[in-house]
Amino acid sequence: MNIHFRIIFLLSLFLIFSISAQAKPTEDLVKAFISASEKTRQPDMKKEDLESYLAFMSDEVIDYHAAYGRTFTGKEHFRKGIVKKAASMISMSENIENIENIVLGSNTAVVVVNEDSKYHKNGAIKHFKGRTILVLEFNEQGLISQMRRYLD
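For the record, in the sequence shown the residue sitting at position 74 is 78 according to my numbering, with numbers rising by one throughout.
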């Protein structure tokens, strides 16, 4: 076998395994994502918090909310919606210990998060205390390409 061919073949294998390794989510990655998410839902959220959260997602991320039967696509939806949501927040529990469980797959993660938040909606103060189940799908670059949210 030609030496150049061997080098190209070995480099190709290395790249394939490197990309595959990046696509597999880790517990640390999921915890960092949840932490970044919680920081965006604080009344004192900063632009850096939002961009840090969005860095976990692909540009074409699909966000599905089962409880509301709504699907959104792209980071721009998050940029607009999160700023509005943060402005309505009174408090949001910000603690990585809110994660009840993480189940990892080859390119997916299922996360159960306990939430406790107070916010303004339609002139009234609302209180949400419950569990959210997130199903995250990761692309080849290790970014979230699809997120499905379920309330329990």
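Glycine included, every Cβ here is placed at the ideal spot set by N, Cα and C.
Owing to the predicted nature of the structure, the values given are computational and were not obtained by experimental measurement.
Check, Outcome
"Run through DSSP, which three-state label would L147 get?", "coil"
"Look at the alpha carbon of K122 and the alpha carbon of I129, and state the distance between them as a whole number of angstroms.", "7 Å"
"What is the DSSP secondary structure of V112, counted as helix, strand or coil?", "The displayed chain sequence assigns Thr, not Val, to residue 112. In this structure, T112 counts as strand in the three-state DSSP scheme."
"Checking 8 Å against the spacing of the C-beta atoms, do R135 and V116 come in under that value?", "yes"
"So, using beta-carbon positions, are Y68 and R152 closer together than 8 Å?", "yes"
"Spell out the partners DSSP gives L138 in its beta bridges.", "V115 and R153"
"In terms of residue numbering, what span does the alpha helix (DSSP H) encompassing Y72 cover?", "Note, Y72: premise wrong, no alpha helix (DSSP H); not H, not E."
"Report buried or exposed for E141, applying the criterion of at least 16 other Cβ atoms within 10 angstroms of its Cβ.", "buried"
"With DSSP as the reference, label N126 as helix, strand or coil.", "coil"
"Do N111 and K28 have their C-beta atoms closer together than 8 Å?", "yes"
"Of the choices M49, R74 and M61, whose alpha-carbon is the least far from that of E144?", "M61"
"Output the distance between the C-alpha atoms of V34 and P47, rounded to the nearest integer angstrom.", "23 Å"
"What are the partner residues of F132, as DSSP defines its beta bridges?", "S121"
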